[in-house]
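The structure appears below as structure tokens.
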Amino acid sequence: MKLGIGIGWRPEIAAEVEALTGVDWVEVVAENLCADHLPDSLVRLRERGVTVVPHGVSLGLGGADRPDAERLAGLAARAELLGTPLVTEHIAFVRAGGPLTASPRLEAGHLLPVPRTWDALEVLCENVAIAQDALPVPLALENIAALVSWPDEELTEGQFLAELVERTGVRLLIDVANLHTNHVNLGQDPAKALDELPVEAIAYVHVAGGVEKNGVWHDTHAHPVTAPVLDVLAELRSRVDPPGVLLERDDAFPPGAELAAELETIRGTLRTAGGPRGTGPRDAGPRKGTPVPARPGARDRTAVAQTALLSALVAGTPAPEGFDHRRLRVQSRALAAKRADVVAKVAPELPEILGDGYRAAFLDYARSRPMSDGYRRDALDFAERILVSGGLPDPVAQRRLTHWWEDRSGPRPPSRTTRIVRAARAVLAGK
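When we follow the working numbering, the leftmost residue of the sequence shown carries the number 30, and every step to the right adds one.
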């Protein structure tokens, strides 16, 4: 199926996206949509014949657990609502711990790399087959960017993706910016990865910007697309004519004219890259996989490995053997910074109440409190931490934070935290 040239739809640039000419389709983060209602902008785009593809970020199909049935049902409902020809997700894990390791559940709040081992491949393939069986349309999976690499990997990225496609029939969403990121950070050759992966399975391609800091490439989606990323796109185009290419932007949104210019640069890169040397993309949709259990112990071994890594990143436990400690520190800081940024978006009152002290206070909280239940719960727990640990010196800010927490905490047992908050409110009311 030919998609053409697209752009990531975000609420912040909805008007700009609607005004762009030559946009054939858009992609929307699935978790940002209600399962039974579309934003007016997406309704108008669909009425114009623009295809809308939901892009999931929370399934964690590369994790040791089997896919969560509720999350799968939510993604399926959004696919039905949009009338989309396919849905996409990531080859990543986003949580670890829990029953498989008899340890607390940990949330990364970010896409983390799957070890390219036969164990992890078998677990991923079983999870993909379960997801394919639950979704009403074909599934495509995206390669991710990484700051760290697993020791003792048994397959290259291209080999891993080729095996995944062969075993499950899943389509691929190839992010050329992520291939560039892994080239800078991990020394992986994008051309070799493209040579090894089955380009005929590509459903579409992502292009995005980033920035290099202290020798580490950060896949920010908040900067213009760079020449090296476009070079990887040209490499891919020399091998296959991709059915679709999409520009991603998630922050620091530029004016519509700059987005239009980036889209034109992408079109120009595709035009001048030359024709594919191999066969074109297949038209047939992927087969629906039948869940085939991974080898005995594969899930348990994967669970232990992923929990150890995530615990080191978010809970300060010792780094697993074989990892680059410096890169783990970079990844750990990046995860904490992302938590602070996302909590500030889902609970904008918190940085408003705390002012310039918000970020330092949140990062201090994050060092001792791994996320276990999503960003909204994280925001409440952060506010609780401040109230329990002595509150704020400004009585007006203290009152606002107390009201904010009480308004959102919902019906809960009168825990020690609740009693402290109520006592603080009573004291303030008496002033």
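For each residue, glycine too, the CB sits at the ideal point set by N, CA and C.
Computed from a predicted model, the values in this text were never measured in an experiment.
**Report entry** Distance, Glu192 Cα to Ala286 Cα
**Finding:** Spanning the two alpha carbons is a distance of roughly 41 angstroms.
Report task. Kindly indicate which residue of Val52, Leu168, Ala365, Trp246 has the alpha-carbon position closest to the one of Gly345. Result -> Across the set Val52, Leu168, Ala365, Trp246, the C-alpha of Ala365 shows the shortest separation from the C-alpha of Gly345.
Report task. Starting from the N-terminal side, write out each stretch of the alpha helix (DSSP H) that is 4 residues or longer and does not extend beyond the stretch 141 to 225. Result -> Qualifying alpha helix (DSSP H) stretches, in chain order: 147 to 163, 186 to 197, 205 to 215, 219 to 225.
Query - Nearest to Arg107 (by Cα), restricted to the options Arg77, Asp370, Pro83, His432 - result: Nearest option by C-alpha distance: Pro83.
**Report entry** Helix, strand or coil at Phe352 [DSSP, three-state]
**Finding:** Phe352: coil per DSSP, three-state reduction.
Report task. Return helix, strand or coil for Gly92, following the three-state DSSP convention. Result -> Gly92 carries a coil assignment under DSSP once its states are collapsed to helix, strand and coil.
Query - Contact set for Gln188: own chain, Cβ-Cβ below 7 angstroms, skip 5 residues either direction - result: Shown here for Gln188: same chain residues with a beta carbon closer than 7 angstroms to its own, the five before and five after excluded, namely Glu225 in chain order.
Report task. Sort out for me which residues DSSP pairs Glu136 with in a bridge. Result -> Looking at the DSSP assignment, Glu136 forms a beta bridge with Arg124.
Query - Endpoints, the alpha helix (DSSP H) within which Leu275 is located - result: Where Leu275 is concerned, there is no enclosing alpha helix (DSSP H), although the beta strand (DSSP E) it sits in stretches over 273 to 276.
Query raised in the report: What did DSSP end up calling Gly285 once you bin it into helix, strand or coil?
Result: In the structure shown, Gly285 sits in a helix (DSSP, three-state: H, G or I).
Report task. Using the DSSP secondary-structure output, state which residues sit across from Glu461 in a beta bridge. Result -> For residue 461 there is no data in the structure shown, the boundaries of the chain being 30 and 460.
Query - Candidates Pro142, Thr197, Glu155, Pro165, of which the one nearest Asn172 by Cα - result: If we check each option's Cα against that of Asn172, Pro142 comes out closest.
Report task. Identify the continuous beta strand (DSSP E) that holds Ile34 and give its terminal residues. Result -> Taken as a continuous stretch (DSSP letters only), the beta strand (DSSP E) holding Ile34 covers 33 to 37.
**Report entry** Proximity of Val269 and Ile295 at Cβ, strictly below 8 angstroms
**Finding:** In this structure, Ile295 does not lie closer than 8 angstroms to Val269 by Cβ.
Query raised in the report: Cβ of Arg388 less than 8 angstroms from any chain B Cβ?
Result: Protein chains in the displayed structure number just one, and chain B is not present.
Requested in this report: Leaving aside the five residues before and after Ala43 along the sequence, list all residues of the same chain whose C-beta is less than 6 angstroms from its C-beta, in chain order.
Outcome: So the list reads Ser70, once near-sequence residues are dropped.
Query raised in the report: Are the beta-carbon atoms of Val372 and Asp402 separated by less than 8 angstroms?
Result: The criterion of a C-beta distance shorter than 8 angstroms is not satisfied by Val372 and Asp402.
Query raised in the report: Which one of His252, Arg145, Val417 has the shortest CA to CA distance from Leu184?
Result: Comparing C-alpha distances from Leu184 to each of His252, Arg145, Val417 shows the shortest one belongs to Arg145.
Requested in this report: Give the straight-line distance between the Cα atoms of His209 and His354, rounded to the nearest whole angstrom.
Outcome: Roughly 22 angstroms between the two C-alpha positions.
Report task. Could you round the C-beta distance between Glu531 and Trp433 to whole angstroms and report it? I think they count as a contact, below 8 angstroms. Result -> No answer is possible for residue 531: the residues shown for the chain start at 30 and end at 460.
Query - Where Arg368 falls, given that 16 or more other Cβ within 10 Å makes a residue buried - result: Label assigned to Arg368: buried.
Requested in this report: Would you tell me roughly how many angstroms separate the C-alpha atoms of Val55 and Pro424, rounded to the nearest one?
Outcome: If I take the Cα positions, the gap works out to 47 angstroms.
Query raised in the report: Quick one: what's Val81 bridged to in DSSP?
Result: Its beta-bridge partners are Val55.
Requested in this report: Could you pull the start and end residues of the alpha helix (DSSP H) that Thr331 belongs to?
Outcome: Secondary structure note for Thr331: its alpha helix (DSSP H) is the uninterrupted segment 327 to 343.
Requested in this report: Give the range of the alpha helix (DSSP H) segment to which Glu60 is assigned.
Outcome: Here Glu60 belongs to no alpha helix (DSSP H), and DSSP marks it neither H nor E.
**Report entry** For Glu118, the first and last residue of its enclosing beta strand (DSSP E)
**Finding:** Secondary structure note for Glu118: its beta strand (DSSP E) is the uninterrupted segment 116 to 119.
Requested in this report: Please list, in chain order, all residues of the same chain as Arg124 whose beta carbon is under 8 angstroms from its beta carbon, the five residues on each side excluded.
Outcome: Result list for Arg124: Gly89, Gly92, Asp94, Arg134, Leu135, Glu136, Ala137, Leu339, in chain order.
Requested in this report: Buried or exposed for Pro167, please, with buried defined as at least 16 other CB atoms from any protein chain shown within 10 angstroms of its CB.
Outcome: So Pro167 ends up on the buried side.
Query raised in the report: Roughly how many angstroms separate the alpha carbons of Gly198 and Gly386, rounded to a whole number?
Result: Gly198 and Gly386 have their C-alpha atoms spaced approximately 50 angstroms apart.
Query raised in the report: Expressed to the nearest angstrom, what Euclidean distance is found between the alpha-carbon atoms of Asp218 and His212?
Result: Distance between the alpha carbons of Asp218 and His212: 6 angstroms.
Report task. Between the Cα of Leu223 and those of Leu342, Ala160, Arg266, His250, spot the shortest distance and give me the residue it belongs to. Result -> Of the candidates Leu342, Ala160, Arg266, His250, the residue whose Cα lies closest to the Cα of Leu223 is Arg266.
Requested in this report: May I ask which residues mark the beginning and end of the alpha helix (DSSP H) holding Glu41?
Outcome: It is not in any alpha helix (DSSP H) - Glu41 carries neither H nor E in the DSSP assignment.
Query - Nearest candidate by alpha-carbon position, reference Val343, set Ala102, Arg398, Asp329 - result: Comparing alpha-carbon positions, the option among Ala102, Arg398, Asp329 lying closest to Val343 turns out to be Arg398.
Query raised in the report: What residues are listed by DSSP as bridge partners for Tyr233?
Result: Looking at the DSSP output, Tyr233 bridges to Leu202.
Query - Spatial neighbours of Ala390 in its chain, beta-carbon cut-off 7 angstroms, leaving aside the 5 residues before and after - result: The residues are Leu383, Ile415.
Requested in this report: Alpha carbon to alpha carbon, how far is Pro128 from Leu101? Give it in angstroms, no decimals.
Outcome: The alpha-carbon atoms of Leu101 and Pro128 are separated by roughly 20 angstroms.
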